[in-house]
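Residue numbers (my numbering), protein chains in the order written: chain P, -5 to 337; chain E, 2 to 156.
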């Protein structure tokens, strides 16, 4: 693999005499894509420079826990690089055919500082990270659909978009090898209790602390844009909430009102639309976006078309989702009932 | 057939061997993560080997009785059709694959019953009962079945 990486980089660098990959190491823990770091040495005349890059590609066929589109991710990265409004590691090159690197793969800057997850795992006090994280999500949600490529799916309206997400709960269940009354109950409840709308915005799709890198200056950089889409911004708040409940710490539940105040300040959204109840609603609704691809891969596993320990482990994710979603609906419904009783 | 040690005991023994003997010899970070994931899945398999046939059997009977009452009280045609299909096509087998099919068909009847009760004030008690089944049968047993599950290696 190091030789292939060197040869691929040489295609993009005619300003150097020689490129060597002096170290190459797979990154553990990437749940969706195969990732590796590579240490690159460039020589031009007597000048020698070294740097590290990250390669992000598709896993071998039949071993994906989640199927996503590298062309889509590269398109988003190019658009965000041009906008310059969200801090991301620079995306360098893309092997769009897989002919050079063996799989469609993106080459991007390596961030030396590690992830926010690693940092939070090692501290007891979170300092200003909850507010900074809320502001980071807010900066993503300040990108309007007209700033994004036409090739991205542009929903026709908030109602259509939300209805489609709710319908996804039913469609995924209907197509699955498993009949799931919990999913059908979730879909029915979501349809009966839609929250007030918000303007559609860019959504990251998988906002979680492992996807926030911290550079040596302490600045956040947001990675893994494979699920980026135009949607309701609260989908990201909801996904962050459920993911971080499964793999904490959860900086939202640490102090929800403070987190949401910081978020509203950046986005300008109102309290009627962004509050603990609506985040709860989207915690349930947004789960289907990644849940659908997990379901699909588990179905393929059951049919003998997919395999892998990582995919098998996701049976637990679906069970965890059931527990969390049932509890969330109970809480949200109790709040609605209490509101009804006092009005 | 030699039934003891049970399947669960055998699986847990493999777990211990992996943790005590194999894992200390493994130095690659990706292989360590994979081993930890395998350990979780083996424990989940052990729990399921112990319980899943009994759990499905119990739940099929409970849903059958509940959905029957929903049909009697509401006359909902979709629910009645789903229940009839579940009863008519039931294999009654204790082999895993046909039992999964029986379980799925009865689960579909429960889904229809929930949808028939959602949003109808006069059916709120039936809906509450259905949610009780989801909590007590699906969710609580899934908590047991997911065992020591966690998102290993993220960071």
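Backbone N, C-alpha and C define an ideal beta-carbon position, used for all residues, glycine too.
State the DSSP-derived secondary structure class of residue i, mapped to helix, strand or coil.
i	result
residue 87(P)	strand
residue 109(P)	strand
residue 193(P)	coil
residue 46(P)	strand
residue 225(P)	strand
residue 180(P)	helix
residue 119(P)	coil
residue 37(P)	strand
residue 28(E)	coil
residue 77(E)	coil
residue 144(P)	coil
residue 124(P)	helix
residue 150(E)	coil
residue 235(P)	helix
residue 6(P)	helix
residue 276(P)	helix
residue 17(E)	helix
residue 61(E)	helix
Tell me, which residues are paired with residue i by DSSP?
i	result
residue 215(P)	207(P)
residue 18(P)	32(P)
residue 101(P)	49(P), 87(P)
residue 139(E)	Looking at the DSSP assignment, residue 139(E) forms no beta bridge with any residue, so it has no partner.
residue 12(P)	37(P)
Alpha carbon to alpha carbon, how far is residue j from residue i? Give it in angstroms, no decimals.
i	j	result
residue 113(E)	residue 83(E)	7 Å
residue 27(E)	residue 147(E)	25 Å
residue 224(P)	residue 249(P)	28 Å
residue 218(P)	residue 200(P)	8 Å
residue 35(E)	residue 20(P)	13 Å
residue 10(P)	residue 209(P)	27 Å
residue 28(P)	residue 51(P)	5 Å
residue 45(P)	residue 97(P)	23 Å
residue 87(P)	residue 137(P)	24 Å
residue 67(P)	residue 143(P)	12 Å
residue 77(P)	residue 140(P)	12 Å
residue 14(P)	residue 18(E)	42 Å
residue 176(P)	residue 205(P)	29 Å
residue 242(P)	residue 113(P)	12 Å
residue 31(P)	residue 102(P)	10 Å
residue 301(P)	residue 4(E)	29 Å
residue 145(P)	residue 264(P)	30 Å
residue 80(P)	residue 74(P)	7 Å
Beta carbon of residue i, beta carbon of residue j: below 8 Å?
i	j	result
residue 48(P)	residue 135(P)	no
residue 47(E)	residue 75(E)	no
residue 140(E)	residue 174(P)	no
residue 152(P)	residue 196(P)	no
residue 104(E)	residue 60(E)	yes
residue 42(E)	residue 306(P)	yes
residue 33(P)	residue 16(P)	yes
residue 216(P)	residue 82(P)	yes
residue 202(P)	residue 237(P)	yes
residue 184(P)	residue 232(P)	no
residue 45(E)	residue 285(P)	no
residue 171(P)	residue 335(P)	no
residue 326(P)	residue 136(E)	no
residue 317(P)	residue 144(E)	yes
residue 54(E)	residue 95(E)	yes
residue 260(P)	residue 158(P)	no
residue 207(P)	residue 125(P)	no
residue 257(P)	residue 132(P)	yes
residue 191(P)	residue 275(P)	no
residue 62(P)	residue 220(P)	yes
residue 269(P)	residue 254(P)	yes
query = Name the residues in the stretch 70 to 102 of chain E whose C-beta lies less than 7 Å from a C-beta of chain P; which are they?
reply = none
task = Using a Cβ-Cβ cut-off of less than 9 Å, list which residues of the stretch 177 to 190 of chain P approach chain E; keep chain order.
result = Using a CB distance below 9 Å, the part of the stretch 177 to 190 of chain P facing chain E consists of 177, 178, 179, 181, 182, 183, 185, 186, ordered along the chain.
task = Give, in chain order, every residue of the stretch 32 to 63 of chain E whose Cβ lies closer than 8 Å to some Cβ of chain P.
result = 33, 34, 35, 38, 39, 41, 42, 45
task = Could you run through the stretch 138 to 150 of chain E and flag, in chain order, every residue whose CB is less than 7 Å away from some CB of chain P?
result = 139, 140, 143, 144, 146, 147, 150
request  = Check each residue of the stretch 115 to 132 of chain E: if its Cβ is closer than 8 Å to any Cβ of chain P, include it; give the result in chain order.
outcome  = 115, 116, 119, 120, 131, 132
Contact list for the stretch 269 to 300 of chain P against chain E, Cβ threshold 7 Å = none
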